[in-house]
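Protein chains: 2
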Amino acid sequence: MIVILSGGTGGAKLIEGLAAEVGAAELTIICNTGDDCVFHGLNVSPDIDTILYTLAGLSDSAKGWGIKGDTFAVLDQLRCLGNEAWFNLGDKDFATHITRTRLLREGCQLSEVTDRTRRSLGVQAKILPMSDAPVETRVTTLQGEISFQEFFVRERWSPHVTAVRFAGIEQSRPAPGVLDAIRAASAIIICPSNPISSIGPILAVPGIRHALNQATVPVVAVSPLIGAAAISGPAHKLMTAQGLEASAFGVAQSYREFVKTLVIAHEDQCLTERIQNLGIGVNTTEIRMPSLADKRRLACEVLALAQK
Amino acid sequence: MIVILSGGTGGAKLIEGLAAEVGAAELTIICNTGDDCVFHGLNVSPDIDTILYTLAGLSDSAKGWGIKGDTFAVLDQLRCLGNEAWFNLGDKDFATHITRTRLLREGCQLSEVTDRTRRSLGVQAKILPMSDAPVETRVTTLQGEISFQEFFVRERWSPHVTAVRFAGIEQSRPAPGVLDAIRAASAIIICPSNPISSIGPILAVPGIRHALNQATVPVVAVSPLIGAAAISGPAHKLMTAQGLEASAFGVAQSYREFVKTLVIAHEDQCLTERIQNLGIGVNTTEIRMPSLADKRRLACEVLALAQK
C-alpha cells in the first residue's frame with residue numbers, strides 16, 4: 458500500500474497518474490483539510506473533493522477544481538437572494554456539500570463522510586482527512602487575518618503575507634487510519650502541493666510528523682516549485698512569509714526529517730548539491746503535468762524511486 | 458389592507474389574481490407551514506415558497522410548484538450519492554432552502570427569513586408564516602403515521618387516511634404580525650386551499666381562530682372542492698378522515714364561526730340552502746382558474762364580496 462500526502466490541484470495530477478499506473482485500490486491518500494470552509498452554511502472540503510472528483514473521473518482538469526460540465530444555477534440564485542458568492546460551487550458539487558453537511562450534523566465524523574462519499578462515487582482509493590477535528594489555515598495580511606480561501610480565491614492570493622497559522626491544530630488528532638496507514642505503507646509519496654498550506658497542516662497534526670520520521674520505507678516528495686515560483690498558486694509567497702527560501706531547496710528543508718528523495722525540475726538542477734547536503738537524494742525531471750501522459754510518466758518515475 | 462389565509466397551489470392561483478387586481482402591496486398573506494419539511498438537512502417551506510415564487514413571477518404554473526425552467530442537477534447528484542430524493546427540488550429552489558437553513562441556524566426566525574427572501578425577490582406583498590414555531594402535519598394511514606409530504610408526494614396521497622394532527626401546535630404562537638394583520642384588515646380572504654392540511658393548521662395556531670372570530674370586516678372564503686372532490690389534491694380525503702362532509706358544505710362547516718360569504722362552484726348550487734342555514738352567504742361561480750384571466754375574474758368577484 459502506497460500512502461500519499463496531498464492538497465488539491467497539484468496533488469490530484471500526480472494522484473491521477475499514480476492511480477493509472479498502479480490502480481487506485483493500492484493508494485491511501487491523506488488529505489489536507491486546513492482549507493475547509495463553511496459556505497452558505499455548508500461544509501466544503503476543497504482538497505478532499507478535488508481528489509474525490511479526480512479519482513471518480515468527474516474532475517474538471519481544465520479548471521483544476523469542481524466537476525466537469527457542472528452548471529451554476531444554485532450559485533446564481535444564491536447571488537439573486539443577496540448572498541456573497543465569490544467561491545465557485547457548481548450544482549453537482551453542491552450535492553456533495555449538502556450531503557456532507559447533513560451527515561456531519563447527524564453526528565458522522567468527516568472521515569466516515571469522506572469514506573461514504575468515495576464509495577458512492579465508486580472511488581477505490583482510500584481517502585482520509587488528515588483529522589476529523591476542524592483545523593483552519595489562517596493567513597495574516599497587511600489588512601488583517603483571513604481564511605485561506607478568502608486569501609486564495611476571494612483576494613486571488615494578491616495580498617502581502619506576513620504569517621500563516623493553523624487554528625485548532627493543537628486540539629486536532631490524526632483521523633482514524635492515518636497513523637496506521639503511515640506505519641503499514643510500502644512507500645510514502647508527498648505530492649507537489651503547497652508545502653505551507655497543503656502539506657503543512659497535515660504535518661502539523663500532532664503525531665503525523667513523528668510517524669513519518671519513524672518510517673523506514675522510501676519517502677519521495679515532488680517539488681511544487683520551478684525556480685522561485687510555484688507551478689500554480691501561492692506556495693512561494695507563503696514559504697517566504699514562513700521564513701523559508703522560495704525554491705525546491707526550501708521544500709527540501711520543510712521535509713528534511715523524513716524525505717529520502719526529492720524530485721525537482723530540470724531547471725533547478727543547480728540546487729542539487731545544496732539539497733543533497735541536507736541528506737536528501739535528488740532526482741531531476743520534467744515536473745509539469747499538463748497531460749495524462751505527463752502525469753503517468755512522472756508517476757512512473759516517482760514509483761521507481763519509491764521502490765528502491 | 459387585505460389579509461389572506463393560504464396554502465400552496467390553489468391559494469397561489471387566487472393570490473396571483475388578487476395581486477393583479479389590487480396590487481401586491483395591498484396584500485398580507487398568512488401562510489401554512491404545517492407542510493414544512495427537512496430534506497437533505499435543509500429547511501423547506503413548500504407553501505411559503507409557492508406563494509413567493511408566484512408573486513415574484515418565477516413560479517411554474519404548469520407544474521404548480523417550483524421555479525419555471527428550473528434544472529435538477531443537485532437532486533440528480535444527490536441521488537448518485539445515495540440519497541433518497543422523492544421530493545422534487547430544483548437547483549434555483551435549492552438556493553432558497555440553503556439560504557433559509559443558514560439564516561435559521563444563525564438564529565433568525567422563519568418570519569424574518571421569509572421577509573428577507575421576499576424582499577430579495579422583489580415581492581411587495583407581506584408574507585407571514587402562520588407561526589415561527591415548528592408545526593408538523595402528521596397523517597395516520599393504515600401503515601402508520603407519516604408526514605404530510607410523505608403522504609402527499611411520496612405516496613401520491615393514495616393511502617387510506619384515518620386521522621390528521623398538527624404536531625407542535627399547542628406550543629406554537631402566531632408569528633409576529635399575524636394577529637395585528639387580522640385585526641387591522643379591511644377584508645379577510647380564505648383561499649381555495651385544503652381546509653384540513655392548509656387552512657387547518659393556520660386556524661389551529663392558538664389565537665388565530667379567535668382573532669378571526671372577532672373580525673367585523675367581511676370574511677370571504679373560496680371552496681377548493683367541486684362536488685365531492687378537490688379541484689386538485691386530497692382535501693376530500695382528509696375532510697372525510699376528520700369527520701367532515703367532503704363537499705363545499707363541509708368547507709362551510711369548518712369556517713362557520715367567522716366566514717360571512719363562501720364562494721362555491723356552479724355545480725354545487727344545490728348546497729346553497731344548507732350552507733345558508735349555517736348563517737353563511739353563498740355566491741356561486743366558476744371556481745376553476747386555469748388561466749390568468751380566470752384568476753383575475755375570480756379575484757374580482759371575491760373582492761366585490763369583500764368590499765360589501
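These protein sequences, in sequence, are chains A and B. Residues in the first sequence are numbered consecutively from 458, following our numbering. Residues in the second sequence are numbered consecutively from 458, following our numbering. Using N, Cα and C, we set each Cβ at its ideal position, and we do this for glycine too. Fair warning: this is a prediction, and the values are worked out from it, not measured in the lab.
Within the model, the alpha-carbon separation for B:E473 versus B:G521 is close to 13 Å. With the rule of 3 Cβ pairs closer than 8 Å, the segment 589-596 of chain B counts as touching the segment 628-640 of chain B. DSSP places A:S463 in no alpha helix (DSSP H) but in the uninterrupted beta strand (DSSP E) bounded by 459-463.
Counting only runs of at least 4 residues, the segment 638-720 of chain A fully encloses the following alpha helix (DSSP H) elements, listed from N- to C-terminal order: 656-661, 665-671, 692-698, 705-712. Taking 8 Å as the cut-off, the Cβ atoms of B:I487 and B:V531 do not count as close. When the beta-carbon positions are compared, B:A644 and B:A763 come within less than 8 Å of each other.
Residue burial annotation: B:A482 is exposed, with fewer than 16 other C-beta atoms found within 10 angstroms of its C-beta. Rounded to the nearest whole angstrom, the CA to CA distance from B:A519 to A:L471 is 50 Å. Close to A:C537, with beta-carbon spacing below 9 Å, are these residues of chain B in chain order: K549, A552, S577, L578. Shortest Cα-Cα distance from B:D550 to any of B:S516, B:S704, B:E563 involves B:S516. A Cβ-Cβ contact shorter than 8 Å links A:A476 with A:L512. When C-beta distances to chain B are compared with 7 Å, the residues of the segment 565-596 of chain A below that value are T574, S577, in chain order.
Interface criterion met: the Cβ of B:T558 is under 8 Å from a Cβ in chain A.
One alpha carbon belongs to A:T574, the other to B:S680, and they sit about 48 Å apart. Relative to B:R640, the option among B:T485, B:S655, B:G465 whose CA is nearest is B:T485.
Between A:V580 and the set A:I505, A:L538, A:L567, the nearest pair of CA atoms involves A:I505. Here the C-alpha atom of A:L669 lies approximately 6 Å from the C-alpha atom of A:F715. The C-beta of A:S748 has fewer than 16 other C-beta atoms within 10 Å across all chains shown, which makes the residue exposed.
The beta carbon of B:L509 does not come within 8 Å of any beta carbon belonging to chain A, so the residue lies off that interface. B:L599 counts as exposed, since fewer than 16 other beta carbons sit within 10 angstroms of its beta carbon. Of all residues in the segment 486-520 of chain B, only H497, G498, L499 place a beta-carbon less than 8 Å from a beta-carbon of chain A. Here A:I744 is actually not in contact with A:L462; their C-beta atoms are around 17 Å apart, not less than 8 Å. Within the segment 600-624 of chain A, no residue has a Cβ lying closer than 8 Å to any Cβ of chain B.
Among the residues facing chain B, A:Q534 is included, as its CB has a counterpart in that chain under 8 Å away. Of B:G664, B:A672, B:I653, B:P663, the smallest CA-CA separation from B:A709 is found for B:I653.
Here A:M458 is exposed. Its C-beta has fewer than 16 other C-beta atoms within 10 Å. Residue pairing by DSSP puts B:L585 in a beta bridge opposite B:I487. For B:C648, the number of other beta carbons within 10 angstroms of its own is at least 16, and it is reported as buried.
The beta carbon of B:T697 sits closer than 6 Å to the beta carbons of A703 from its chain, once the five residues preceding and following it are set aside; these are given in chain order. Membership of B:I732 in the alpha helix (DSSP H) is indicated by the continuous run 729-733. Secondary structure of B:R753 (DSSP, three-state): helix. At a cut-off of 8 Å between beta carbons, A:A761 makes no contact with chain B. The continuous alpha helix (DSSP H) containing A:L509 extends over residues 503-512.
Counting C-beta pairs with one atom in each stretch, the segment 672-686 of chain A and the segment 719-726 of chain A have three or more that are closer than 8 Å, which means they touch. In the structure shown, the three-state DSSP call for A:G467 is helix. Under the three-state reduction of DSSP, A:G474 is assigned to helix.
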